[in-house]
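Going down the list, the protein sequences come from chains A and B.
So the first sequence is numbered by our numbering: it starts at 425 and just counts up by one.
So the second sequence is numbered by our numbering: it starts at 162 and just counts up by one.
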Amino acid sequence: MQLLSGNEATALGALKAGVRFFAGYPITPSTEIAEVMAEELPKVGGIFIQMEDEIASICAVIGAGASGMRAMTATSGPGFSLMQEGIGYAVMAEVPCIIVNVQRGGPATGLPTKVSQADVMAARWGTHGDHPIVALAPYSVLESFELTVKAVEFSLRLRMPVIILSDEIIGHMREVVKLPEEVTIYSPPPLTKSRDEYYHYDDDTNFDAPYAHFGQGYRIHLTGLTHRKDGFPTNDPKIIKWKLDRLLEKITKNREWLHLVDYQDLDSDTVIVSYGSSARSALEAKFEYEQRHNKKIGFLRLITIWPFHYQKLQSLLKNAKRVIVVEMNQGQMTREISRVIKHNAELINVNRYDGELITPEEILAVL
Amino acid sequence: MKIPEIFEFIRVDERLPHILCPGCGIGSAMNAMVRAIIESGLKNDDVCVVSGIGCSSRIPGYIDADTFHTLHGRAIPSATGVKLAHPELEVIVIAGDGDLLAIGGNHFIHAARRNLDMTVILINNFNYGMTGGQASPTTPQGKYAKTAPYGWTERNFDACAIAQASGAVFVARSTTYHVTHLRTLIKQAIKKKGFALVEVISQCPTLYGRLNRMGDAVKMLEYFRDNTISISQIKDPKEAEGKIVIGVLHDVEAPEYYETYKEIIRRAQAQKHHV
């Protein structure tokens, strides 16, 4: 048993999952992740490097990821904004890497030391262009560890960046946890093709497939330009569509295992939907309500924030007459949930965006 | 050297013809780079060529090796990741003046300070070629560019002076006229352990040259021939005024980043404990 913060658990999860490269830039409230990595990585022969800014950090991570290392960076709002161009590159060039965003209040410098969940849409649409994205939101210290391990697996399977959307509360709170001794980690299948037969973006290689990295003699070419299956740029409309469809398929064909949710009592009339640290208050409100009224209410926690699985959530929320979305922003996930329930249920949102955690009482007030 | 040896390093089959304009200097710089790689005894799979965005940054696409065409300005931090993951690879960055000195300026100075082993070939043609001839950080004051139709109001960077001041251990300059000299400098840069910069003064006859009435590529090369001075020939600093100074401008020893980090790994592993 250990007393750990969410940030420390995230770093330890990364180490356990085989992350051996970390490039970062100090920013509150994520800095502890970099500090733990700076101390622990050399012990396992890994590399920690403090870069000159977040742009350089994500680029170094992409360089290492493209070179076959499990690579990660951690940041918060302003740094996450700077990393967006790199995230787009990693999507386009299909480079696995992990970006942790310990959310704080925004926009701009906002609230460095206070909590927020306002980067839900920045995670989805922060980088330009049509693109898939995967984002996971831990709600406890243990889950910070577990989801970091999962994020590594997802990114290696899908050949793309995976975002961990933590938040200031999760990052800084301490819990007593028992971390697993061993974790099983996916490795891409070994390359069997020779250099002459190999195409870095061959058909059916967009997920769960072998792929080369720098330093293996495959002479691969990576570019952010829209490219052919050999990696070289093209303006051919057919190939452009092929490439963007190929990226999208990473999500559409894997949505079932990518979409992680936690739920209880969904046959109730009222269901609270939440994620990250807000979900802790939501769960507390559920228990409190049930004790006071001797009546069950449902609870649905999104662990995978992106991709958003409309059909699955529709089915999970099909009995609900009232859906209460609890989040620390002006309603970013509420809009998504409204598209799930349409007019079949009443939608109530409980939001705070003043840097303070939503209290169970505030949720109880609308129940 | 026989010509075919170069082709060992070029993706001849699918990638040619190239995108460069007639008379462009970037091909000469690429030629010098490839020959320097070969003369250094390196094979295709020993190198990784990294670039950003721009005309010069399209070069890796023609090189038959691991090649990494990154984001605008981000060649150096991307190369940093590759080099640290594969210290055995010879990592060569080749990019233009706008890429390395404007949008990538911060990365440029910090990489020089950090002194991770890499060779940076800066092709300076005094303007943004890919986007059509806009002014760059190296456009001299008073010269014309598409975004400086009345003459450029700003002063220009001296990339070599910046690199030296920032901690680069090897700094050299040549031109696309002095191709043999350039090749020798790139070879020295490859051999150097640490951050090594070779600035290549290059002609862009299509844009910068035309906008400034400098004549065709040959005229521009003649200008380079007639207006350069080797650093070894300068006895009085006045002789260098108005001239392009070429040669090895700076060559010192300093601890290389990864060598230093390896020592940290050794120490950390000697006193292992977990948080």
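Backbone N, C-alpha and C define an ideal beta-carbon position, used for all residues, glycine too.
Check, Outcome
"Member of A:Leu724, A:Lys674, A:His555, A:Glu464 whose CA lies at the smallest distance from the CA of A:Ala438", "A:Glu464"
"Interface flag, B:Cys216 vs chain A, CB-CB below 9 Å", "no"
"Range of the contiguous beta strand (DSSP E) that encloses B:Ile407", "405-412"
"Rounded straight-line distance, which links the Cα of A:Val524 to that of A:Ala495", "11 Å"
"Buried or exposed (CB count within 10 angstroms, at least 16 for buried), A:Met425", "exposed"
"Rounded Cβ spacing between A:Ser701 and A:Arg598 (contact assumed at less than 8 Å)", "Not a contact, Cβ separation roughly 13 Å."
"The beta strand (DSSP E) enclosing A:Asn773, as first and last residue numbers", "770-775"
"Contact with chain A by B:Phe318, beta-carbon distance below 9 Å", "no"
"Pick from A:Gly641, A:Pro731, A:Gly655, A:Leu649 that is closest to A:Ile675, judged by C-alpha positions", "A:Pro731"
"A:Asn525 - partner residues in DSSP beta bridges", "A:Thr499, A:Leu589"
"Positions along the region 689-706 of chain A whose CB lies within less than 9 Å of some CB in chain B", "none"
"Contact list for B:Gln430 against chain A, beta-carbon separation under 9 Å", "Pro466, Lys467, Val468, Gly469"
"Helix, strand or coil at A:Met507 according to DSSP, with G and I counted as helix", "helix"
"At least three beta-carbon pairs within less than 8 Å, the region 716-731 of chain A to the region 552-567 of chain A", "yes"
"Exposed unless 16 or more other CB atoms sit within 10 angstroms - verdict on A:Asp620", "exposed"
"Nearest neighbour of B:Asp319, chosen from B:Gly312, B:Pro298, B:Ser335, B:Phe170 [CA to CA]", "B:Pro298"
"Own chain partners of A:Leu566 with C-beta closer than 6 Å, once the 5 adjacent residues on each side are dropped", "Val601"
"Exposure label - B:Arg196; buried when at least 16 CB within 10 Å", "buried"
"is_contact[B:His179, chain A] using C-beta, thresh 9 Å", "no"
"Collapsed DSSP secondary structure at B:His268 in the structure displayed", "helix"
"Alpha-carbon spacing of A:Leu771 relative to A:Ala744, whole angstroms", "10 Å"
"Alpha helix (DSSP H) runs wholly inside the region 457-495 of chain A, at least 4 long, in chain order", "478-489"
"Beta-carbon contacts of B:Phe168 that lie in its chain and below 7 Å, excluding the five residues immediately before and after", "none"
"Neighbour flag for A:Thr455 against chain B, beta carbons, 9 Å", "no"
"Contacting residues, own chain, Cβ-Cβ under 6 Å from B:Ala236 (five flanking each side not counted)", "Val211, Ser212, Gly213, Val254, Ala256"
"Min CB distance B:Ile171 to chain A below 9 Å", "no"
"Selected residue, minimal CA-CA separation from B:Leu277, among B:Ala246, B:Gly293, B:Met291", "B:Ala246"
"For A:Trp730, three-class secondary structure by DSSP", "strand"
"CB of A:Pro520 within 9 Å of CB of A:Ser579, strictly", "yes"
"Beta bridge counterpart(s) of A:Ile787 as assigned by DSSP", "Bridge partners of A:Ile787: none, in fact."
"A:Asp654 at chain B interface by Cβ criterion, 9 Å", "yes"
"Close Cβ partners of B:Val436 (< 7 Å) along its chain, the five nearest in sequence each way excluded", "Reliability of the predicted coordinates at B:Val436 is poor, the pLDDT of 48 falling under 50, and the value obtained from them is presented with this limitation in mind. Taken in chain order, the list of residues that qualify is empty."
"Nonlocal neighbours in the same chain, by C-beta distance under 8 Å from A:Gly639, ignoring five residues either side", "Ser491, Gly492"
"Strand pairing of B:Cys209, partner residues [DSSP]", "B:Asp227, B:Val252"
"Neighbourhood of B:Asn288 by C-beta, 7 Å cutoff - its chain only, sequence neighbours within 5 removed", "Gly294, Gln295, Ala296, Ser297, Thr300, Ala306, Cys365, Leu368, Tyr369"
"Bridge partner(s) assigned by DSSP for B:Gly184", "DSSP lists no partner for B:Gly184."
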